[in-house]
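Numbering (the numbering used here), first residue to last: 23 to 273.
All C-beta atoms in this analysis are idealised placements derived from N, C-alpha and C, irrespective of residue type, glycine included.
Okay, so here's the structure we're looking at.
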Amino acid sequence: MVIDLNADLGESFGIWRLGDDLALLDIVTSANVACGFHAGDPVTIRRTCAAAVDRGVAIGAQVSYRDLAGFGRRAMDVEPEELCAEVLYQLAAVDGIARAMGGRVSYVKPHGALYNRVCHDREQAAAVIDAVADYDVALPVLTLPGSVVHEVAAAAGVPTVSEAFADRAYTPEGTLVPRREPGSVLHDPGEVSSRALQMAVKGTVTAVDGSQVSVGARSICIHGDTPGAIRLAQEVRDGLLAAGVVLQAFT
23 MVIDLNADLG ESFGIWRLGD DLALLDIVTS ANVACGFHAG DPVTIRRTCA AAVDRGVAIG
83 AQVSYRDLAG FGRRAMDVEP EELCAEVLYQ LAAVDGIARA MGGRVSYVKP HGALYNRVCH
143 DREQAAAVID AVADYDVALP VLTLPGSVVH EVAAAAGVPT VSEAFADRAY TPEGTLVPRR
203 EPGSVLHDPG EVSSRALQMA VKGTVTAVDG SQVSVGARSI CIHGDTPGAI RLAQEVRDGL
263 LAAGVVLQAF T
């Protein structure tokens, strides 16, 4: 059993600090680096990419709607051509910095509202996939199982990888419970670790109604901005390794 462990990183901005990137980079196998549209700035991107390269952690471009004030979590309507160009802009910027640091962007992951939107909105998904295909058709896109992104990407020749979220609650339909609802984010290290192990070994997750939902994930995410993220990520890593799961980036 081989699983990738990814986390959102590089989300500080200017003098505002969020999370402990260096500590998380010692735990995860893939880093979703903020591209400056929902969080992150050039210095933060450079430092995060350099640290990831030093640790052999895969670098992903975490593209977003242009929404610094809302941390990329507010619903937005963006014309497909504009969205395509903005995703391409973000991807090229982070890949350029990553290459200067001796690495490269090896996958793309939408963030926040964009992530949720492209799971069901074919037009917005196509805009994101068009940007990836324009830049490098071989770059995989990280998304939820059952997302329309899989179909859109397949038609464009872009690979996709399914992921699951250890620290988020799931609906019976296999989607994430909206953050505005109570209990949408999980904080107990033991619970989060157990869910990650269930996802990795059984390919399922327990939804809020108690039902079992198939996830079939190759990668498991821990949010870097969740309170106690370092402990959560370490518990997940330790639990997976203790069960004999091999932690390895999917790229």
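Closest by C-alpha distance to ALA56, out of GLY125, ASP43, ILE49, is ASP43. For TYR129, the enclosing beta strand (DSSP E) covers residues 127–132.
Rounded to the nearest whole angstrom, the C-alpha separation of ALA45 and GLN84 is 19 angstroms.
Note that the C-beta distance between SER241 and ASP26 is below 7 angstroms. Taking LYS131 as reference, the option from SER86, GLU257, MET123, PRO249 with the minimal CA-CA separation is SER86. The straight-line gap separating the alpha-carbon atoms of ALA222 and HIS172 is approximately 20 angstroms.
Spatial neighbours of ALA271 in its own chain (CB-CB distance under 6 angstroms, excluding positions within 5 residues in sequence) are listed in chain order as ASP26, THR51, SER52, ALA80. In the three-state DSSP reduction, CYS57 falls in the coil class, being neither helix nor strand. Between VAL109 and VAL127, the C-beta spacing is not below 7 angstroms.
Nearest in C-alpha terms to PRO102, of all of GLY125, GLU145, GLN112, ASP89, is GLU145. Counting C-beta pairs closer than 8 angstroms gives three or more between the region 176–193 and the region 244–264, which meets the contact rule.
Where GLN234 is concerned, the enclosing beta strand (DSSP E) starts and stops at 234–236. Under DSSP, THR226 shares a beta bridge with SER236. Taking a C-beta distance under 7 angstroms as the contact criterion, VAL154 and VAL180 qualify as a contact pair.
Non-local beta-carbon contacts of PRO167 in its own chain, meaning distances under 6 angstroms to residues more than five positions away in sequence, involve SER184, VAL237, GLY238 in chain order.
DSSP, read as helix, strand or coil, puts GLY82 in strand.
DSSP places VAL183 in the uninterrupted beta strand (DSSP E) bounded by 182–187.
In summary, ILE37 is exposed, with fewer than 16 beta-carbon neighbours lying within 10 Å of its beta-carbon over all protein chains present.
It is roughly 14 angstroms from the alpha-carbon of PRO200 to the alpha-carbon of CYS141.
Taken through DSSP and simplified to helix, strand or coil, THR165 comes out as strand. Collapsing the DSSP output to three states places VAL24 in a strand.
For CYS243, no alpha helix (DSSP H) encloses it; the enclosing beta strand (DSSP E) starts and ends at 241–244.
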